[in-house]
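Colleague: Heads up, the sequence shown stops at 326 in numbering that gives the first Met the number 0, and the numbers go up one at a time, no gaps.
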Amino acid sequence: MQLSFFDHAMQYQGGKKSMKFLGEMKDIIPFEVLVSILIEEDIYKPEVGKKGGRPQTPAKILLGALFLQSWYSLSDPMTEELIHDRISFRKFLEIKDEDSIPDETTICKFRLKLIEKKLLSRIFDEVKTMMIKKNFILNEGTLVDATLIHSSEPKRKRDEKGKTISNVAYDKEATYASKRGQKHHGHKMHIATDTNGVIKKVIATTAKTHDSTQFDALTKGENKAIFADSGYMSQERKKKLRKEGVFNGIVERRVRGQSKLRAKQSRNNKRFAKLRGLVELPFAFIKHHMNFKETRYLGLEKNQEHFNLIAACANLRRVPKLMKTYG
0 MQLSFFDHAM
10 QYQGGKKSMK
20 FLGEMKDIIP
30 FEVLVSILIE
40 EDIYKPEVGK
50 KGGRPQTPAK
60 ILLGALFLQS
70 WYSLSDPMTE
80 ELIHDRISFR
90 KFLEIKDEDS
100 IPDETTICKF
110 RLKLIEKKLL
120 SRIFDEVKTM
130 MIKKNFILNE
140 GTLVDATLIH
150 SSEPKRKRDE
160 KGKTISNVAY
170 DKEATYASKR
180 GQKHHGHKMH
190 IATDTNGVIK
200 KVIATTAKTH
210 DSTQFDALTK
220 GENKAIFADS
230 GYMSQERKKK
240 LRKEGVFNGI
250 VERRVRGQSK
260 LRAKQSRNNK
270 RFAKLRGLVE
280 LPFAFIKHHM
290 NFKETRYLGL
300 EKNQEHFNLI
310 AACANLRRVP
320 KLMKTYG
């Protein structure tokens with residue numbers, strides 16, 4: 000395929016960084032395993048001996064398009080357009096001719112099929128399995144945290160006469176929550192990571208759900224150490240962790256009748272806070288690099304699936320650095 004002027008321009012104007020990243024991802028993503036799951040779940044049927052007509056878009060290209068969408072925060076139309084335009088995207092997808100480029104409708108239908116069959120969670124699991132096999136997920140403890148993801152609100156704005164204009168297409172399962180004095184509407188993404196900030200579990204709830212309600216689900220199976228901020232602390236939880244022999248790295252706060260923390264509590268909090276900050280690394284990448292600040296779907300079930308894809312993409316991005324560290 001002949002390079003266009005735009006291709007050359009993209010290579011020169013920041014394209015090398017994208018080319019390097021996507022070149023690494025192409026070799027890391029377990030495409031063969033993921034395609035076999037699609038065939039097993041009857042999402043994709045390899046064409047054998049078909050003659051005439053537009054060829055079926057290969058499953059690997061469709062899967063790759065979903066990763067590109069997530070990393071670069073792209074709509075379906077923009078994904079199609081940039082696959083046409085960017086040489087780094089085409090190399091990542093191994094596009095050999097124009098007929099292999101999926102259109103926006105094909106990309107959308109494919110993604111919705113995966114959500115319907117809960118296969119985005121399988122993608123997350125397979126990425127995690129690959130990382131475990133390569134010893135990229137540490138077994139030294141679990142860190143937990145949560146972040147709010149905005150959703151469209153029931154009432155968005157007022158017209159010229161001051162009348163409120165209702166937003167019909169809003170998420171009826173989304174709720175309101177306050178953080179640092181500001182009101183937020185949407186859902187909450189709860190995660191558990193290892194001590195390197197690699198996501199091990201991800202749970203979606205409505206925004207008003209308190210972070211601590213997901214603690215047990217996020218830390219199930221952890222038998223070494225757990226780190227979390229003070230919102231997860233309770234006397235009952237401290238006793239339970241002590242009984243189970245799990246190191247309690249939950250930041251402590253003053254309890255009723257306590258004017259200030261004891262010196263030991265303050266020292267521990269400083270130690271725990273440094274380590275606990277690692278759980279914020281994936282959130283920083285997800286929100287600021289992937290620009291995932293607003294839900295793409297209506298309803299908790301679909302957003303749970305989408306959160307799994309987002310988490311898988313965040314984990315994949317960590318692999319090149321982990322390879323250098325752990326070889």
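Just so you know, even glycine gets a beta-carbon here, dropped at the ideal spot from N, CA and C. Everything numeric in this text was worked out from a predicted model, so none of it was measured.
Rounded to a whole number of angstroms, what is the C-alpha to C-alpha distance between His-288 and Ile-190?
Modeller: Working through the sequence shown from its first residue, we reach residue 288 at position 289. Working through the sequence shown from its first residue, we reach residue 190 at position 191. Cα-Cα distance, rounded: 18 Å.
Colleague: Are the Cβ atoms of Asp-210 and Arg-275 separated by less than 8 Å?
Modeller: One-based indexing of the sequence shown puts residue 210 at position 211. One-based indexing of the sequence shown puts residue 275 at position 276. Going by C-beta atoms, Asp-210 is not nearer than 8 Å to Arg-275.
Colleague: Okay, do the region 304 to 319 and the region 193 to 203 touch, 3+ Cβ pairs below 8 Å being the bar?
Modeller: Result yes; three or more Cβ-Cβ pairs closer than 8 Å.
Colleague: In whole angstroms, give me the CA-to-CA distance for Ile-94 and Trp-70.
Modeller: Within the sequence shown, residue 94 is the residue found at index 95, counting from 1. Within the sequence shown, residue 70 is the residue found at index 71, counting from 1. Taking the straight line from one Cα to the other gives about 19 Å.
Colleague: Pull up the CB-CB distance for Tyr-231 and Phe-214, whole angstroms please, since I reckon it's below 8 Å.
Modeller: Within the sequence shown, residue 231 is the residue found at index 232, counting from 1. Within the sequence shown, residue 214 is the residue found at index 215, counting from 1. Between Phe-214 and Tyr-231 the Cβ distance is about 5 Å, and since that is below 8 Å, they are a contact.
Colleague: Of the choices Glu-243, Asp-193 and Glu-152, whose alpha-carbon is the least far from that of Ala-206?
Modeller: Start at 1 with the first residue of the sequence shown, and residue 206 comes out as number 207. Ranking the options by Cα distance to Ala-206, first place goes to Glu-152.
Colleague: Determine the DSSP secondary structure at Ala-8, reduced to helix, strand or coil.
Modeller: By 1-based counting over the sequence shown, the position of residue 8 is 9. For Ala-8, the predicted structure reports a pLDDT of 47, less than 50, and the residue's modelled location is therefore unreliable. A value from the coordinates is still provided. Residue state, collapsed to three classes: helix.
Colleague: Quick one: Cα of Lys-286 to Cα of Lys-237, how far?
Modeller: Along the sequence shown, read from residue 1 onward, the residue named residue 286 stands at position 287. Along the sequence shown, read from residue 1 onward, the residue named residue 237 stands at position 238. Answer to the nearest angstrom: the Cα atoms are 32 Å apart.
Colleague: Below 8 Å between beta carbons: does that hold for Ile-86 and Ile-100?
Modeller: In the sequence shown, counting from the first residue as 1, residue 86 sits at position 87. In the sequence shown, counting from the first residue as 1, residue 100 sits at position 101. No, the Cβ-Cβ distance between Ile-86 and Ile-100 is not below 8 Å.
Colleague: When you compare only the Cα positions, how much space is there between Lys-273 and Glu-139?
Modeller: Along the sequence shown, one-based indexing puts residue 273 at 274. Along the sequence shown, one-based indexing puts residue 139 at 140. Taking the straight line from one Cα to the other gives about 15 Å.
Colleague: Between the C-alpha atoms of Gly-244 and Ile-225, what's the straight-line distance to the nearest angstrom?
Modeller: Indexing the sequence shown from 1 puts residue 244 at position 245. Indexing the sequence shown from 1 puts residue 225 at position 226. So the two alpha carbons sit approximately 11 Å from each other.
Colleague: On a Cα-Cα basis, can you pick out the residue from Lys-187, Ser-150 and Lys-162 that is closest to Tyr-169?
Modeller: Residue mapping note: residue 169 aligns to position 170 of the sequence shown, counting from 1. Checked all of Lys-187, Ser-150 and Lys-162; the closest Cα to Tyr-169 is Ser-150.
Colleague: Would you mind working out which of Lys-182, Met-188, Val-143 and Leu-240 sits nearest Glu-300, comparing C-alpha positions?
Modeller: For the purposes of this step, residue 300 is identified with residue 301 of the sequence shown, where counting begins at 1. Looking at the Cα atoms, Met-188 is the closest of the given residues.
Colleague: Which residue's Cα is closest to the Cα of Thr-105: Lys-116, Ala-203, Asn-134 and Leu-62?
Modeller: Taking the sequence shown and counting its residues from 1, the one referred to as residue 105 is at position 106. Selected option, being the one with the closest Cα: Leu-62.
Colleague: When burial is assigned at 16 or more other CB atoms within 10 Å of the CB, is Tyr-43 buried or exposed?
Modeller: As a first step, residue 43 is located in the sequence shown; it is residue number 44 there, counting from the start. Burial call: buried.
Colleague: Would you kindly work out how many angstroms separate the C-alpha atoms of Arg-179 and Pro-54, rounded to a whole number?
Modeller: Translated into the one-based positions of the sequence shown, residue 179 becomes position 180. Translated into the one-based positions of the sequence shown, residue 54 becomes position 55. Roughly 53 Å separates the two Cα atoms.
Colleague: Using C-beta distances below 7 Å, list every residue in its chain close to Arg-110, excluding the 5 sequence neighbours before and after it, in chain order.
Modeller: Taking the first residue of the sequence shown as 1, we reach residue 110 at position 111. Answer for Arg-110: Leu-65, listed in chain order.
Colleague: Report the option in Arg-121, Arg-89, Asn-222 and Ala-173 whose CA atom is closest to the CA atom of Lys-242.
Modeller: For the purposes of this step, residue 242 is taken as the residue at position 243 of the sequence shown. Considering only alpha carbons, the answer is Asn-222.
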